[in-house]
Amino acid sequence: MIRQASETLTVRAARPGLHDFTDRVVDWVARQGMHEGLLTLFCRHTSASLLIQENAAPAARRDLEAYFARIAPEGRGYAHDDEGPDDMPAHLRAALTQVHLSIPLRDARLVLGTWQGIYLFEHRHVPTDRMIAAHLIGV
Amino acid sequence: MIRQASETLTVRAARPGLHDFTDRVVDWVARQGMHEGLLTLFCRHTSASLLIQENAAPAARRDLEAYFARIAPEGRGYAHDDEGPDDMPAHLRAALTQVHLSIPLRDARLVLGTWQGIYLFEHRHVPTDRMIAAHLIGV
Amino acid sequence: MIRQASETLTVRAARPGLHDFTDRVVDWVARQGMHEGLLTLFCRHTSASLLIQENAAPAARRDLEAYFARIAPEGRGYAHDDEGPDDMPAHLRAALTQVHLSIPLRDARLVLGTWQGIYLFEHRHVPTDRMIAAHLIGV
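Chains as they are written, first to last, in my numbering: chain A, 1 to 139; chain B, 1 to 139; chain C, 1 to 139.
Spelled out as C-alpha cells, the structure:
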C-alpha cells in the first residue's frame, strides 16, 4: 500500500556556499522503511537553494561558488538591497539553481549516482538555519 | 487512501516578466481537500517558465527581470529567430529557470516559506495565455 | 489503486550537446498502462543534465549549446580540472540546468506541450552512456 512520510530537515549554514547534507537525507529516508518511491526536497527560502553536485573534489565546490559569485555578483547597484549587498544576488543565484529536488528511491536506496551529493547552497553571509521540507511517497 | 487530482491552470501574461499566481495555486489545492501530499506544476511552453521567488519586494522582481534580460539578451544574432528577436532568448531564460515545480503539502498547506511566491516567468513580448498543468497526489 | 513503475533508461551521448530522447520516455510510460500520474526523470551524473526544450528547430538547439559554451566556458583556469578542461564547465552547466524533470500524466499522455521535447544535455567530449532513472506513480 502506497504511503507517505513528511519531515522538515534543518540545515545549519555557517558560511555562504555549498553544504553537503546527503547523509541527513539518506538517514531520514532509510528510517521510513520504503523500498520504492519518490523523495522530494523543497527549500523554504529565496536566498538559499538546492543543488546536486560532485561530492568528491573540494576544488569543484570552490569553483562552483566562485562561478556563481561571478555571474551574479554582489554590489552592482540592484534596486532591491533592503538587507544589504548580498540580498539580491542571493535571489538571482537561487533562481539559477534549484528550489526543489526530486529523487526516485529504488531497492531501498536513492538512485543518486556515485559522485552525486545533495547540497544546500547558501547565498547569504549571515550564519543561519535553513528549513528543507522532505516528502517521501512509495511502498 | 492516496488519491490524485489534475487540472490545467491558464495564466494570463499581459507583459513579459514575473506574474504571481500563488493564490490560484493555493485555491486549487485547497479545493482538493488533502492534508498531506505533493503538488507538481508543469509549464507547457518553451518560452515561458516557472520560478519561486521573493513575494514582498516589487524591486526584487524588477531586478530579476533585468538580470535575465542582461545574461540572455535579445538581438545577438542567434541562428534561431523564426519568431523574432525575443524568440531564442526566451528559450535560454526558460533553460536557466524551471519548467516544473514540486511543492510538498503538509497540514493541508503547501510548505512555501513566508516570502515565497509562485511565478510564471513570461519571456515573450506578445500578450498570451500560458497553460500550467497541476498535479496533486496525497491524502 | 495507485501503483508505481521504475526503470533505468540508458541514453547514448555520442557527442556533447542536446540529445532528444522523448520517444524513449513516451514509449516506456505507455507500456506502464497508466492514465493519470506523475513521471520523474533523474540524471545520475554531475556532468550531464536534463532539459525540456523546443523540439522543432535544430537552430534552437545549436543556439542553446553555443550559449552554455559561452557562459560556462572551457579553459578558464578552474581549480578542478582532474579530468581535463571540459570537467568543471560540465558541472557548471549541469548546475544551471536540471538534474531531474517531473511531468504529469493525464488522459494516458504526458502533458508536454506541442513544442516540448525531453533532452539529455551532455557536457563532456568523450562519448558515453548516461543513466536516467525513471519513476512513474499513478493509476
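Cβ atoms here follow ideal geometry from the backbone N, Cα and C, with glycine treated the same way.
These numbers were taken from a predicted model, which means no experiment stands behind them.
Going by the C-beta, is residue i closer than 7 Å to any heavy atom of the ligand SAM?
| i | result |
| --- | --- |
| A/Tyr67 | For the structure depicted, the ligand SAM is absent and the ligand set is empty, with no information on it obtainable. |
In terms of DSSP beta bridges, what is residue i paired with?
| i | result |
| --- | --- |
| B/His125 | B/His125 is not bridged to any residue. |
| A/Asp83 | In the sequence as displayed, the identity of residue 83 of chain A is Glu instead of Asp. According to DSSP, A/Glu83 bridges with nothing at all. |
| B/Arg70 | DSSP, once it has assigned bridges, lists no residue as partnering B/Arg70. |
| C/Glu7 | C/Ala134 |
| C/Ile118 | C/Ile52 |
| B/Arg109 | B/Arg106 |
Does any CB atom of chain C fall closer than 8 Å to the CB of residue i?
| i | result |
| --- | --- |
| A/Gly113 | yes |
| A/Gly138 | yes |
| B/Asp82 | yes |
Check the Cβ of residue i against every Cβ in chain C and list those closer than 7 Å, keeping chain order.
| i | result |
| --- | --- |
| B/Met34 | The contacting residues do not exist; B/Met34 stays about 13 Å from chain C at best. |
| B/Leu96 | Leu96 |
| A/Leu38 | Thr40, His135 and Ile137 |
Could you check whether the Cβ of residue i sits closer than 8 Å to any Cβ belonging to chain A?
| i | result |
| --- | --- |
| B/Ala57 | yes |
| B/Val29 | no |
| B/Ala60 | yes |
Quick one: list the residues of chain A neighbouring residue i, beta-carbon separation under 8 Å, in chain order.
| i | result |
| --- | --- |
| C/Phe42 | Ser102, Ile103, Pro104 and Val111 |
| B/Ile71 | Ile71 |
| B/Leu18 | Per Cβ cutoff of 8 Å: no residues; B/Leu18 is ~10 Å from chain A at best. |
For the beta strand (DSSP E) holding residue i, just list the boundary residues, first then last.
| i | result |
| --- | --- |
| A/Pro103 | A quick correction: the sequence has Ile, not Pro, at residue 103 of chain A. It spans His100 to Arg106 - the beta strand (DSSP E) in which A/Ile103 sits, taken as one unbroken run. |
Which bits of chain B does residue i rub up against, with CB to CB less than 9 Å?
| i | result |
| --- | --- |
| A/Thr128 | Result: empty, since nearest Cβ-Cβ is about 13 Å, beyond 9 Å. |
| A/Val25 | Result: empty, since nearest Cβ-Cβ is about 14 Å, beyond 9 Å. |
So is residue i in contact with chain B if we call contact Cβ pairs under 8 Å?
| i | result |
| --- | --- |
| A/Leu120 | no |
| A/Ile2 | yes |
| A/Val11 | no |
For residue i, which residues in chain B fall below 7 Å Cβ to Cβ?
| i | result |
| --- | --- |
| C/Glu54 | Thr46 and His91 |
Run through chain A and tell me which residues come within less than 7 Å of residue i, C-beta to C-beta.
| i | result |
| --- | --- |
| C/Tyr78 | Asp63 |
message: Going residue by residue through the region 13-60 of chain A, where are the continuous alpha helix (DSSP H) segments of at least 4 residues, counting only ones entirely within it?
response: Runs of the alpha helix (DSSP H) inside the region 13-60 of chain A: 22-31.
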